[in-house]
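Take a look at the structure below.
There are 4 protein chains.
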Amino acid sequence: MGIKVGVLGARGRVGEAVVAGVQEAEDLDLVAEIDRDDDLSTLVDAGAEVIVDFTTPDAVMGNIEFCVEHGIHCVVGTTGFDKERLAKVRSWVEKSEGVGVLIAPNFAISAVLTMAFARQAARFFESAEVIEFHHPNKLDAPSGTAVHTAEGIAEARREAGMGAQPDKTAQSLEGARGADVEGVPVHGVRMSGMVAHEEVIFGTQGQTLTIRQDSYDRTSFVPGVLVGVRNVAEHPGLTVGLDAYLGLEG
Amino acid sequence: MGIKVGVLGARGRVGEAVVAGVQEAEDLDLVAEIDRDDDLSTLVDAGAEVIVDFTTPDAVMGNIEFCVEHGIHCVVGTTGFDKERLAKVRSWVEKSEGVGVLIAPNFAISAVLTMAFARQAARFFESAEVIEFHHPNKLDAPSGTAVHTAEGIAEARREAGMGAQPDKTAQSLEGARGADVEGVPVHGVRMSGMVAHEEVIFGTQGQTLTIRQDSYDRTSFVPGVLVGVRNVAEHPGLTVGLDAYLGLEG
Amino acid sequence: MGIKVGVLGARGRVGEAVVAGVQEAEDLDLVAEIDRDDDLSTLVDAGAEVIVDFTTPDAVMGNIEFCVEHGIHCVVGTTGFDKERLAKVRSWVEKSEGVGVLIAPNFAISAVLTMAFARQAARFFESAEVIEFHHPNKLDAPSGTAVHTAEGIAEARREAGMGAQPDKTAQSLEGARGADVEGVPVHGVRMSGMVAHEEVIFGTQGQTLTIRQDSYDRTSFVPGVLVGVRNVAEHPGLTVGLDAYLGLEG
Amino acid sequence: MGIKVGVLGARGRVGEAVVAGVQEAEDLDLVAEIDRDDDLSTLVDAGAEVIVDFTTPDAVMGNIEFCVEHGIHCVVGTTGFDKERLAKVRSWVEKSEGVGVLIAPNFAISAVLTMAFARQAARFFESAEVIEFHHPNKLDAPSGTAVHTAEGIAEARREAGMGAQPDKTAQSLEGARGADVEGVPVHGVRMSGMVAHEEVIFGTQGQTLTIRQDSYDRTSFVPGVLVGVRNVAEHPGLTVGLDAYLGLEG
Numbered sequence: 001m002g003i004k005v006g007v008l009g010a011r012g013r014v015g016e017a018v019v020a021g022v023q024e025a026e027d028l029d030l031v032a033e034i035d036r037d038d039d040l041s042t043l044v045d046a047g048a049e050v051i052v053d054f055t056t057p058d059a060v061m062g063n064i065e066f067c068v069e070h071g072i073h074c075v076v077g078t079t080g081f082d083k084e085r086l087a088k089v090r091s092w093v094e095k096s097e098g099v100g101v102l103i104a105p106n107f108a109i110s111a112v113l114t115m116a117f118a119r120q121a122a123r124f125f126e127s128a129e130v131i132e133f134h135h136p137n138k139l140d141a142p143s144g145t146a147v148h149t150a151e152g153i154a155e156a157r158r159e160a161g162m163g164a165q166p167d168k169t170a171q172s173l174e175g176a177r178g179a180d181v182e183g184v185p186v187h188g189v190r191m192s193g194m195v196a197h198e199e200v201i202f203g204t205q206g207q208t209l210t211i212r213q214d215s216y217d218r219t220s221f222v223p224g225v226l227v228g229v230r231n232v233a234e235h236p237g238l239t240v241g242l243d244a245y246l247g248l249e250g
Numbered sequence: 001m002g003i004k005v006g007v008l009g010a011r012g013r014v015g016e017a018v019v020a021g022v023q024e025a026e027d028l029d030l031v032a033e034i035d036r037d038d039d040l041s042t043l044v045d046a047g048a049e050v051i052v053d054f055t056t057p058d059a060v061m062g063n064i065e066f067c068v069e070h071g072i073h074c075v076v077g078t079t080g081f082d083k084e085r086l087a088k089v090r091s092w093v094e095k096s097e098g099v100g101v102l103i104a105p106n107f108a109i110s111a112v113l114t115m116a117f118a119r120q121a122a123r124f125f126e127s128a129e130v131i132e133f134h135h136p137n138k139l140d141a142p143s144g145t146a147v148h149t150a151e152g153i154a155e156a157r158r159e160a161g162m163g164a165q166p167d168k169t170a171q172s173l174e175g176a177r178g179a180d181v182e183g184v185p186v187h188g189v190r191m192s193g194m195v196a197h198e199e200v201i202f203g204t205q206g207q208t209l210t211i212r213q214d215s216y217d218r219t220s221f222v223p224g225v226l227v228g229v230r231n232v233a234e235h236p237g238l239t240v241g242l243d244a245y246l247g248l249e250g
Numbered sequence: 001m002g003i004k005v006g007v008l009g010a011r012g013r014v015g016e017a018v019v020a021g022v023q024e025a026e027d028l029d030l031v032a033e034i035d036r037d038d039d040l041s042t043l044v045d046a047g048a049e050v051i052v053d054f055t056t057p058d059a060v061m062g063n064i065e066f067c068v069e070h071g072i073h074c075v076v077g078t079t080g081f082d083k084e085r086l087a088k089v090r091s092w093v094e095k096s097e098g099v100g101v102l103i104a105p106n107f108a109i110s111a112v113l114t115m116a117f118a119r120q121a122a123r124f125f126e127s128a129e130v131i132e133f134h135h136p137n138k139l140d141a142p143s144g145t146a147v148h149t150a151e152g153i154a155e156a157r158r159e160a161g162m163g164a165q166p167d168k169t170a171q172s173l174e175g176a177r178g179a180d181v182e183g184v185p186v187h188g189v190r191m192s193g194m195v196a197h198e199e200v201i202f203g204t205q206g207q208t209l210t211i212r213q214d215s216y217d218r219t220s221f222v223p224g225v226l227v228g229v230r231n232v233a234e235h236p237g238l239t240v241g242l243d244a245y246l247g248l249e250g
Numbered sequence: 001m002g003i004k005v006g007v008l009g010a011r012g013r014v015g016e017a018v019v020a021g022v023q024e025a026e027d028l029d030l031v032a033e034i035d036r037d038d039d040l041s042t043l044v045d046a047g048a049e050v051i052v053d054f055t056t057p058d059a060v061m062g063n064i065e066f067c068v069e070h071g072i073h074c075v076v077g078t079t080g081f082d083k084e085r086l087a088k089v090r091s092w093v094e095k096s097e098g099v100g101v102l103i104a105p106n107f108a109i110s111a112v113l114t115m116a117f118a119r120q121a122a123r124f125f126e127s128a129e130v131i132e133f134h135h136p137n138k139l140d141a142p143s144g145t146a147v148h149t150a151e152g153i154a155e156a157r158r159e160a161g162m163g164a165q166p167d168k169t170a171q172s173l174e175g176a177r178g179a180d181v182e183g184v185p186v187h188g189v190r191m192s193g194m195v196a197h198e199e200v201i202f203g204t205q206g207q208t209l210t211i212r213q214d215s216y217d218r219t220s221f222v223p224g225v226l227v228g229v230r231n232v233a234e235h236p237g238l239t240v241g242l243d244a245y246l247g248l249e250g
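Chains as they are written, first to last, in full-length UniProt numbering: chain A, 1 to 250; chain B, 1 to 250; chain C, 1 to 250; chain D, 1 to 250.
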């Protein structure tokens, strides 16, 4: 018998990929597929132990409140959480002993690991730059993930008491050295055919270390969601970010 | 005032790079350069707090014994340590409270991190392969580092209860799928112009994670040695492998 | 007014992608979509100037014969052409002045260019290896494209009078050095999440050249098909392989 | 008996690498090593057929004039050639039937091929970007080679009637999208440990093509110089740029 899983937002594109992922996993049982007009009580009737929520900012708070009340753990990929919303979720789980809620902005496990490893590596290399690659329809540059990665590197450098990166550039075309994110250069490539890719390069005497993440299609969040589903019961309370589930050091 | 450092094997090619590295580091003071015919008592006279030993299997045991006896910490890159030798070193440091000895087979920090990250990532990806690239004068294939990395991945997979990697290959030219190291394929490339490079690739649904290490010249061990020198005093007793100094999880 | 294009095999998965590609191209007009049970005369009625054929080995010969007879140029991706079949097609086009037929085993333009550039580069580098990466459901290793690439490199090396590649490997785990394709090592990686990728690495003193091709999804043949459609009228007679249309040197 | 080669600037760092390269080549005979104070007539006495000149802008014109007059072919890597100087060299070789002079700004054969392949590939891909990687002591960004590569891509795009690259970026940190070189984004990375590396990425539907060049040390120009030495006699007159010797299409 596997963990009993309900999927909320089950008929959206993302939700469908989650449904398929749960169905293929031998240790998980899909017991409920909920969408916009379905009643949440179905989850209770079906005995759901964990739900996955990829719905909308409008719906998600009600969903979490209901599930926590009924002792159902939550793995949430829906966006729109600010400090206030997180505080509210925290107040719910505090009253409901043992229930775990994971809210993560990014479930692509390779991206989460890239960020975590970048933080760990940062203090050993005097140089660090980030290059991200996306399809040309992306509206922002650099990507939020790349900025977040650079901020993590910058923080690790500050904690280690490291100064500015070595860079003797005296003559430069505008933009050549990338965007400056707290002292870490970030370069954004927009390329037909690509999906979402990030490369972090570290350098010191005689060597470099490169950590690269490639997302080839839009289902790359599924393995991370399943990690969440399998482990949420062991993380009571509110957890923000998948990395806390990966057994890595911060 | 920096840490007072003595270098043993100071006139060998490796030792010369260590000497240069110590001299350039603002927080380290080079107080002694010892080679084959020099007297170890120079170290005591010079007030060395830490020594770096890149000498020979013949010389290294005497050097460590002398230093531990005189309360000098040791960072050792010399090869040839088997269980017996390690036990002997351990017996010396046990008698000498607070003295630290670091013996590491690989000081290239990018290589050590690659191995450590590979171990951490392994259980999240059903596929994992290692490709190493070296100059064509290398005698063994795959490299010891690549085999060691693959073994680490295999161990992490076993601990996580993972089975064999997915691979439907039915028709194959001999060698196409690489060497099998405990179920992890390892490929060795021999390429004019290259020095020493290792790439670990992990894959799961819709995504891959690549960790790559490039050594561009033969001084790439220096930053790792300096990490050793700076931290050995805080690691009393015998430590084998630089990773224990990097604050990473195993 | 654009070139009038008919698509044969229009309701297969590949055909659908071709149809979409033709519809999006401003200089092309889709005038006919033919599948299994449709009458070829539709092509004539619609005024098709060029057809694209992704059907079956059973159907393709009849399709080509009909089109050539009616003065319609053919771009063919259907498999199963041996010397006999090619000779038959050649005999048809010889009778039909000015009609062009392009039969290509690979329309992924990045893969075709990788092979072409590899041939051009080969004689300048003493080392050359090929690494291909595919999803784990692939049945053969190495891929046909990788073998073909290696054969092209080997031929260019022979023509330039080059000997064996430098390789001092004396001790090796079985398979570590890859499959030997006419003296060129070929390595096959099987990786969850990947689609189809090929990397050719060349090395000589102090430098390497890497040519890499990544296919991220199954529509990567479309741009090459469109190159065929746009240029087939200027290549009367039978042409085998897209490279002849790319204005490259062999 | 090999080609008789004289090296000018033989005791400079670059010249020394050329001398070593000629000595190791079985089909070449080193017959003269000339430096600042040596007499050029030594070349004639030694029977030099080809000279390699890595001297200074001050010395090089006299050297070429002397060699051309004496029927000795020239392979020149010295910098400082403007239109006037090239015109003067051209006037000399015109008078001296059959003598070849090759003047090249870049002898790193992998870099020259990268540029040539980039030009060939450009018209098949709607997206193209250049990333160059250098040590942090480099003064200019992007590198001259990267700018030159981007200009070549831009020219090939114009010749093929291609418009602007697709890029929906609406929100951007300054510099994130690189420097704009005639519509081709160019990114410069400055990284401890690296030497000189260039990556050109092309993208179209479902696929990318990457051409990457890595220089690992400062002798990477030697193989290109030897290509020059072996072929200069077959290229009478003045040739600018090594690519003309590589049998590639422009």
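For every residue, glycine included, the Cβ atom is placed at its ideal position computed from N, Cα and C. Being a predicted model, the structure only gives us computed values, none of them experimental.
Exercise. Which residues in chain A sit within 7 Å of B:A108, going by Cβ to Cβ distance?
Worked result: Taking the first residue of the second sequence as 1, we reach residue 108 of chain B at position 108. Proximity of chain A to B:A108 at the Cβ level (cut-off 7 Å) is accounted for by Q207, in chain order.
For this session: Out of B:N63, B:E26, B:M194, state which residue places its alpha-carbon closest to the alpha-carbon of B:G2.
Result: By 1-based counting over the second sequence, the position of residue 2 of chain B is 2. Looking at the Cα atoms, B:E26 is the closest of the given residues.
Exercise. Among all the DSSP beta bridges, which residues are the ones paired with A:S172?
Worked result: The residue you call residue 172 of chain A lines up with position 172 of the first sequence. Answer is D:A141, bridged to A:S172.
Exercise. Can you tell me where the alpha helix (DSSP H) with A:A59 in it begins and where it stops?
Worked result: Position 59 of the first sequence holds residue 59 of chain A. Note, A:A59: alpha helix (DSSP H), 57-69.
Exercise. Buried or exposed: where does B:G152 fall if 16 or more other Cβ atoms within 10 Å of its Cβ makes it buried?
Worked result: The residue you call residue 152 of chain B lines up with position 152 of the second sequence. The Cβ neighbour count for B:G152, taken over all protein chains shown within 10 Å, is at least 16; the residue is labelled buried.
Problem set entry | Beta-carbon neighbours of D:A121, restricted to chain C and to distances below 7 Å | To locate residue 121 of chain D, count along the fourth sequence from 1; it is residue 121. Within chain C, L113 have C-beta atoms less than 7 Å from the C-beta of D:A121, given in sequence order.
Problem set entry | Same chain, Cβ closer than 7 Å to B:E84, neighbours up to 5 away in sequence not counted | One-based indexing of the second sequence puts residue 84 of chain B at position 84. Excluding the 5 residues flanking it on each side, B:E84 has no same chain C-beta neighbour closer than 7 Å.
Problem set entry | When C:W92, C:V93, C:A156, C:F107 are compared against C:V14, the one with the closest alpha-carbon | To locate residue 14 of chain C, count along the third sequence from 1; it is residue 14. Residue C:F107 is the option with its Cα nearest to C:V14.
Exercise. Who are C:S127's beta bridge partners in DSSP?
Worked result: Taking the first residue of the third sequence as 1, we reach residue 127 of chain C at position 127. For C:S127, the beta-bridge partners assigned by DSSP are C:G203.
Exercise. With respect to the beta strand (DSSP E) encompassing C:T239, which residues constitute its N-terminal and C-terminal limits?
Worked result: Sequence index remark: in the third sequence, residue 239 of chain C carries index 239 (1-based). 237-240 is the extent of the beta strand (DSSP E) around C:T239.
Exercise. Does the distance from the C-beta atom of A:G203 to that of D:G193 stay below 8 Å?
Worked result: The count along the first sequence starts at 1 and reaches residue 203 of chain A at position 203. The count along the fourth sequence starts at 1 and reaches residue 193 of chain D at position 193. Yes, the Cβ-Cβ distance between A:G203 and D:G193 is below 8 Å.
Problem set entry | Near-chain A residues of the region 186-199 of chain C - C-beta to any C-beta below 8 Å | Listed by position, the residues of the region 186-199 of chain C near chain A (Cβ gap below 8 Å) are G193, M194, V195.
For this session: Compare the C-alpha of D:T145 against each of D:Q165, D:R230, D:H187 and name the closest.
Result: On the fourth sequence, position 145 is the one that residue 145 of chain D refers to. Considering only alpha carbons, the answer is D:H187.
For this session: Taking only the alpha-carbon atoms, compute the straight-line gap between B:Q171 and D:G71 and give it to the nearest angstrom.
Result: As a working note, residue 171 of chain B is residue 171 in the second sequence. As a working note, residue 71 of chain D is residue 71 in the fourth sequence. Going by the C-alpha atoms only, they are around 60 Å apart.
Problem set entry | Spatial neighbours of C:V181 in its chain, beta-carbon cut-off 6 Å, leaving aside the 5 residues before and after | Taking the first residue of the third sequence as 1, we reach residue 181 of chain C at position 181. Correct list, in chain order: V147, A150.
Exercise. Taking only runs of the beta strand (DSSP E) that begin and end inside the region 68-116 of chain B, which ones reach a length of at least 3 residues, in chain order?
Worked result: You should have 73-76, 100-103.
Problem set entry | is_contact[D:T210, chain C] using C-beta, thresh 8 Å | For the purposes of this step, residue 210 of chain D is identified with residue 210 of the fourth sequence, where counting begins at 1. Yes, its Cβ sits closer than 8 Å to a Cβ of chain C.
Exercise. Nearest to C:E69 by CA position, among C:F54, C:E97, C:E132, is which residue?
Worked result: Here residue 69 of chain C refers to the residue found at position 69 when the third sequence is read from its first residue. Taking only the C-alpha atoms, the option nearest C:E69 is C:E97.
Problem set entry | Proximity test, Cβ basis, 8 Å: B:I153 and chain C | Taking the second sequence and counting its residues from 1, one reaches residue 153 of chain B at position 153. Not an interface residue.
Problem set entry | Minimum Cβ-Cβ distance from A:P166 to chain D less than 8 Å | Indexing the first sequence from 1 puts residue 166 of chain A at position 166. A:P166 counts as touching chain D.
Exercise. Three or more beta-carbon pairs under 8 Å between the region 201-218 of chain B and the region 72-82 of chain B, yes or no?
Worked result: Because the criterion of three Cβ pairs below 8 Å is not met, the region 201-218 of chain B and the region 72-82 of chain B do not touch.
Problem set entry | Proximity test, A:I34 beta-carbon vs the ligand ADP heavy atom, cut-off 7 Å | This structure simply doesn't include the ligand ADP, nor any ligand for that matter.
Problem set entry | Contacting residues, own chain, Cβ-Cβ under 6 Å from B:L86 (five flanking each side not counted) | Counting from one through the second sequence, the residue named residue 86 of chain B turns up at place 86. Around B:L86: no qualifying Cβ.
For this session: Could you have a look at D:G224 and say whether DSSP puts it in helix, strand or coil?
Result: Within the fourth sequence, residue 224 of chain D is the residue found at index 224, counting from 1. Helix, per DSSP.
Exercise. Going straight from the alpha carbon of C:G100 to that of C:R90, what length do you get?
Worked result: In the third sequence, counting from the first residue as 1, residue 100 of chain C sits at position 100. In the third sequence, counting from the first residue as 1, residue 90 of chain C sits at position 90. Here the alpha carbon of C:G100 sits roughly 10 Å from the alpha carbon of C:R90.
For this session: List the DSSP bridge partners of A:T3.
Result: Against the first sequence, residue 3 of chain A aligns to sequence position 3. The question names Thr, but residue 3 of chain A is Ile in the sequence shown. Looking at the DSSP output, A:I3 shares a beta bridge with A:L28.
For this session: Please report the Cβ distance between B:R190 and B:K138, rounded to the nearest whole angstrom; I am assuming they are in contact, meaning their Cβ atoms lie under 8 Å.
Result: For the purposes of this step, residue 190 of chain B is identified with residue 190 of the second sequence, where counting begins at 1. For the purposes of this step, residue 138 of chain B is identified with residue 138 of the second sequence, where counting begins at 1. Taking C-beta atoms under 8 Å as the contact rule, B:R190 and B:K138 qualify, at a distance of about 7 Å.
For this session: Establish whether the CB of B:T169 and some CB of chain C are separated by less than 8 Å.
Result: Looking up residue 169 of chain B in the second sequence gives position 169. Taking Cβ atoms only, chain C reaches closer than 8 Å to B:T169, which makes this a yes.
For this session: Starting from D:D243, trace the alpha helix (DSSP H) both ways and give me its first and last residue.
Result: For the purposes of this step, residue 243 of chain D is taken as the residue at position 243 of the fourth sequence. In the DSSP assignment, D:D243 falls outside any alpha helix (DSSP H) and carries neither an H nor an E.
Exercise. What three-state label does DSSP hand C:E182 in the structure shown?
Worked result: Stepping through the third sequence from its first residue, residue 182 of chain C is reached at position 182. In the structure shown, the three-state DSSP call for C:E182 is coil.
Exercise. On the three-state DSSP scale, how would you describe C:T219?
Worked result: As a first step, residue 219 of chain C is located in the third sequence; it is residue number 219 there, counting from the start. Reduced to three states, the DSSP call for C:T219 is coil.
For this session: Just tell me which of D:P142, D:W92, D:I103, D:R157 has its CA closest to the CA of D:A121.
Result: On the fourth sequence, residue 121 of chain D is found 121 positions in, with the first residue counted as 1. The shortest C-alpha to C-alpha distance from D:A121 to any of D:P142, D:W92, D:I103, D:R157 is the one to D:R157.
Exercise. Under the rule that 16 or more other beta-carbon atoms within 10 Å means buried, what is A:A32, buried or exposed?
Worked result: Taking the first residue of the first sequence as position 1, residue 32 of chain A is located at position 32. Buried is the call here.
For this session: Report the neighbours of D:D140 on chain A: residues whose CB is nearer than 8 Å to its CB, in chain order.
Result: Reading the fourth sequence from its first residue, position 140 is the one you call residue 140 of chain D. The contacting residues are T169, A170, Q171, S172.
Exercise. Going by the CB atoms, is the gap between B:F54 and B:G21 shorter than 8 Å?
Worked result: In the second sequence, the residue the question calls residue 21 of chain B occupies position 21. In the second sequence, the residue the question calls residue 54 of chain B occupies position 54. It is not a contact, given that the beta carbons lie outside the stated cut-off.
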